[in-house]
Amino acid sequence: MGDRHIYGGARVRRKLLPYLLLMPTYVIIVLFIYLPAYDSFYSSFFKVSVFGNRRIFVGIQNYLSLFTDKDYLASVRFTLIYTLSTVVISIFLSFFIALLLDQKVPGSRIYRTLVFAPYAVSHAVAGALWGFLLNPVVGHVNYLTRIFFGIQTQWLTTRPFAAYSLIFASIWKTLPFNIIFYLAALQGISSEVIEASIIDGTNSWTRVWKIIFPLVSPITFYLVIMSIISSTFQSFAIIDVMTKGGPGGYTTNMIYKLFMDGFRFQKTGLAAAENVILFFVMIIITVFYFVYGQKRVHYQ
Amino acid sequence: MKKVLVFLVVILTVLSFAKTKIQFWHAMGGWRIEVIQNMVNEFMKLNPDIEVEVQYVGSYEEILAKTVSAVQAGTPPHVVQLNEISTQKMVDSGVIVPVQDLVDKDPSFDVGLFLPQVLNYYKVGGKLYSMPWNSSTPLLYYNKNLFKEVGLDPNNPPRTYSELIEACRKLVKKDEKGNVIRTGITWCLYSWFFEEYMALQNQPLVDNNNGRTAKATKVVFNNQAGLNFMNLWNTLRKEGLMINTKRADWTAARQLFISQTVGMLISSTSDVALLMTESAKQGFELGTAFLPVPDGTPRGGVIIGGGSLWIIKQKNQAEVDAAWKLVKYLAEPGPQIVWHQATGYFPIRVDAIQKLQAEGYYKENPHHLTAILQLLTSVQNYNTNGAIIGAFPEVRDAIETAVEKMISGTLTPKQALDEAEKNANKAIKEYF
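So the sequence lines, in the order shown, correspond to chains A and B. Under my numbering, think of the first position of the first sequence as 22, with each following residue one higher. Under my numbering, think of the first position of the second sequence as 5, with each following residue one higher.
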């Protein structure tokens with residue numbers, strides 16, 4: 022009993038302190054992420070009754086039936102088409118809009134504010150908004166096309182327009198986020214580089230593609246990853262509100278299929294298997310991000 | 005010792021005065037939230053020892069999903085309102101208290117006063133599992149002013165498919181550029197109408213007497229009766245006589261009718277009250293009629309749709325008793341009449357209908373009468389009692405998906421039926 026003991030206790034305490042402070046985070050992560058994730062893996066090997074009171078072990082049967090299910094494969098295909106077109110169009114469009122907004126023209130602040138507005142709208146509200154605009158009978162879009170071109174389209178209930186509408190609405194929704202990042206990146210490019218290129222006599226096309234685009238490549242890379250994640254995983258609300266995955270399952274993507282199987286048809290085991298598949302998709306994207314992102318992207 | 009006794013007495017008195025708290029989850033949005041709250045408030049006034057927490061939880065599907073998670077979490081709600089197609093699922097669930105068990109123990113409650121048309125749907129193997137509550141059937145609504153305008157007899161609505169198609173053709177109106185600005189009919193894209201049309205032709209939807217004498221093993225709608233309705237749907241679509249909505253978009257279908265973009269609407273009888281007010285606002289006269297049948301087919305009947313009240317098992321028997329009291333109250337003639345008048349859902353009891361009839365209510369509200377007559381004149385057999393299938397949501401999805409493919413032109417009516425049959429059978433087989 023003396024100074025040494027007090028000293029030792031303090032040392033232990035100091036070592037423990039960081040863990041103690043991290044405790045609340047750990048508890049929350051374990052409770053809300055690791056345990057459910059584990060449960061998801063576990064359930065994916067079972068056939069579970071509606072109220073979860075009966076379950077049979079079925080091995081990988083859930084996975085097998087998913088990969089032989091025409092509808093599931095269709096949803097994978099639609100996920101690819103939807104994600105690819107949303108991401109590519111959104112990235113290029115936002116880059117160009119950011120270039121324009123970066124110009125020093127009077128009122129550019131007002132344009133910026135207007136362009137950013139969709140970002141403040143939630144996915145569900147955005148879906149509802151486009152649902153109203155594209156309504157075949159009372160919607161503004163059809164009103165205008167009828168007046169100017171004399172055509173009426175069932176935007177949300179026919180192929181391929183349901184997919185077009187969905188992709189268009191999603192791009193509209195994700196655009197502002199990308200623009201903000203591009204704008205910040207563009208403003209970070211030093212004016213000397215640009216001026217030097219002008220003196221060297223490059224035209225603006227070369228300047229944009231050979232100098233500016235490579236300089237913002239870290240942002241492009243980050244945005245591509247974020248857009249893939251958001252259009253794969255956060256598209257549920259917009260699909261649910263706009264097309265409900267229709268017509269005939271045409272606009273059902275993987276996350277919407279998961280929702281239908283899990284929460285409409287109460288097939289917990291099957292939905293868990295779909296969840297695990299999405300988990301692996303996520304892992305691949307993340308690994309790709311860390312590995313490829315460090316190596317290839319040009320950082321200033 | 006004395007102190008302990010006093011303490012115990014105090015605790016017991018407090019406990020005996022404590023209110024039993026129960027939860028009631030329902031799916032009736034909009035103005036009906038208030039209607040239900042008021043009915044429950046009345047109940048609490050009569051039963052001061054029971055406190056009911058009423059919650060509008062969202063759609064029937066959401067209630068089911070939330071009930072499943074609440075039961076698994078060990079905090080089940082007491083009374084939940086679920087749609088008719090959840091019946092088999094709930095019977096199989098093992099988490100409910102069958103209403104029949106409570107009825108048998110309660111001499112004050114006479115189930116014989118209920119309409120057999122309603123009771124027969126919710127009885128499985130002769131046993132009543134849930135309390136019928138909000139019951140409706142589809143009904144044909146039409147715009148009498150538009151009928152007059154195009155030379156149709158507003159007092160003679162179409163009774164057969166060919167009369168229906170003929171009326172639709174007359175209702176079409178185009179602008180100078182040739183765009184259709186008004187057309188015949190709409191109903192929302194919902195499998196319920198398909199099921200109703202099987203019963204209307206006196207045909208079952210699934211085998212084993214619609215799943216009522218043994219569990220259903222396959223669907224039996226891929227026949228002439230099924231084809232009749234699909235052909236009608238496809239013809240109306242091809243000729244531009246019908247506007248199709250998104251899946252289960254009841255609001256869109258109603259809007260089309262209220263805005264007079266279509267002259268006719270097939271929708272639930274629970275829309276009667278709403279359509280009466282809205283048509284008056286828009287300045288047109290509302291007409292209601294029985295559903296038209298395929299030419300030359302004898303009329304079978306309509307199936308009860310809507311929802312019923314389920315009592316979920318509880319650890320505390322007092323809570324089950326309180327839940328039963330609430331359910332019993334909501335099915336009494338008084339609340340049933342309030343509910344009927346506010347919405348258009350049927351009063352599900354003979355004595356409630358008699359009371360309304362005696363008061364002359366149906367003379368002033370002919371549309372409510374059409375709805376009831378269509379139900380009362382329905383043939384009563386397994387076909388019109390409605391199918392019970394564990395995998396009913398999947399079967400509906402199969403039918404709706406096939407219909408969507410048919411109206412987008414990728415499948416013919418026959419192919420659509422084939423595909424719906426295949427997917428529905430797969431779902432029935434996989435049900436667990």
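Glycine residues also receive a C-beta, built at the ideal position from the N, C-alpha and C atoms. Because the structure is a prediction, the values reported are computed rather than measured.
Exercise. Going by beta carbon distance, what residues of the same chain come within less than 6 Å of Q121 of chain B, once the five residues before and after it are set aside?
Worked result: L379
For this session: Counting only the same chain and skipping the five closest in sequence on each side, list residues whose C-beta sits under 6 Å from that of V44 of chain B.
Result: V56, V58
Exercise. For W151 of chain A, which three-state DSSP category applies?
Worked result: helix
Problem set entry | Enclosing alpha helix (DSSP H) for Y64 of chain B [first to last residue] | 64-76
Problem set entry | Proximity of G267 of chain A and R251 of chain B at Cβ, strictly below 8 Å | yes
Exercise. If you draw a straight line from the C-alpha of S186 of chain A to the C-alpha of T273 of chain A, how long is it?
Worked result: 14 Å
Problem set entry | 4 or more residues per run - each alpha helix (DSSP H) lying fully within the segment 241-295 of chain A | 257-263, 275-280
Problem set entry | N- and C-terminal bounds of the beta strand (DSSP E) containing M135 of chain B | 135-140
For this session: Starting from Q208 of chain A, find everything on chain B with Cβ-Cβ shorter than 8 Å and list it in chain order.
Result: Within 8 Å Cβ-Cβ: nothing; Q208 of chain A doesn't reach chain B, min ~43 Å.
Problem set entry | Own chain residues within Cβ distance below 8 Å of L3 of chain B, not counting five before or after | Because residue 3 of chain B is not part of the residues shown, which for chain B are 5 to 436, the question remains open.
Exercise. Is there at least one Cβ from chain A nearer than 8 Å to T381 of chain B's Cβ?
Worked result: no
Exercise. K242 of chain B versus chain A: which residues are under 7 Å apart at the beta carbon?
Worked result: Here the premise fails: no neighbours, minimum Cβ distance about 13 Å.
Exercise. Going along the segment 372-406 of chain B in order, which residues come within less than 9 Å of chain A, judged by CB to CB distance?
Worked result: G394, A395, P397, E398, D401, E404, T405, A406
Exercise. Using the C-alpha atoms, what's the distance from F436 of chain B back to K178 of chain B?
Worked result: 52 Å
Exercise. Along the segment 97-109 of chain B, what residues have a CB closer than 9 Å to any CB found in chain A?
Worked result: S97, G98, V99
Exercise. Is N199 of chain A closer than 8 Å to L244 of chain A when the C-beta atoms are compared?
Worked result: yes
For this session: Assuming V229 of chain A contacts L120 of chain A (C-beta within less than 8 Å), just tell me the rounded distance between them.
Result: 7 Å
For this session: Would you kindly check if the distance between the Cβ of L231 of chain B and the Cβ of P417 of chain B is under 8 Å?
Result: yes
Problem set entry | Closer than 8 Å to chain B by CB, P268 of chain A | yes
For this session: Please list the partners that T264 of chain A has in chain B, where partner means a Cβ-to-Cβ separation under 8 Å.
Result: K250
Exercise. Any idea if R36 of chain B is buried or exposed, counting beta-carbon neighbours within 10 angstroms, 16 or more meaning buried?
Worked result: buried
For this session: Could you tell me whether the segment 188-203 of chain A touches the segment 251-264 of chain A, where touching means 3 or more Cβ pairs closer than 8 Å?
Result: yes
Exercise. Out of curiosity, what's the CA-to-CA distance linking S70 of chain A and T307 of chain A?
Worked result: 34 Å
For this session: Using a Cβ-Cβ cut-off of less than 7 Å, give me the residues of the segment 181-209 of chain A that come near chain B, in sequence order.
Result: none
Problem set entry | Span of the beta strand (DSSP E), counted from its first residue to its last, around N313 of chain B | First, the residue type needs correcting, since residue 313 of chain B is Leu and not Asn in the sequence shown. Taken as a continuous stretch (DSSP letters only), the beta strand (DSSP E) holding L313 of chain B covers 309-316.
Problem set entry | Within chain A, the residues that S412 of chain B reaches when beta carbons sit closer than 7 Å | T179, R180, P268, G269
For this session: Please report how far the alpha carbon of R14 of chain A lies from the alpha carbon of V146 of chain A, in whole angstroms.
Result: For chain A, the structure presents residues 22 to 321; residue 14 of chain A sits outside this window and is missing.
Exercise. Does the beta carbon of Q76 of chain B come closer than 8 Å to any beta carbon on chain A?
Worked result: yes
Exercise. Which of helix, strand or coil does DSSP assign to Y47 of chain A?
Worked result: helix
Exercise. Got a sec: which bits of the segment 244-276 of chain B sit with their beta carbon under 8 Å from any beta carbon on chain A, in order along the chain?
Worked result: I247, N248, T249, K250, R251, A252, A256, Q259, L260, S263, T265
Exercise. Looking only at its own chain, which residues have a Cβ that is under 6 Å from the Cβ of E425 of chain B, when we skip the five neighbours before and after it?
Worked result: V223, N226
Exercise. On the three-state DSSP scale, how would you describe Y132 of chain A?
Worked result: helix
Exercise. How would you label C338 of chain B, buried or exposed, when you count the other beta carbons within 10 angstroms and need 16 or more for buried?
Worked result: The question names Cys, yet the displayed sequence has Gly at residue 338 of chain B. By the 10 Å Cβ count, G338 of chain B comes out exposed.
Problem set entry | Residue interval of the beta strand (DSSP E) (run including I26 of chain B) | 24-30
Exercise. Is N3 of chain B close to chain A, meaning its C-beta is less than 8 Å from at least one C-beta of that chain?
Worked result: One cannot answer for residue 3 of chain B here, as it falls past the ends of chain B, which runs 5 to 436.
For this session: Report the three-state DSSP secondary structure of N147 of chain B (helix, strand or coil).
Result: strand
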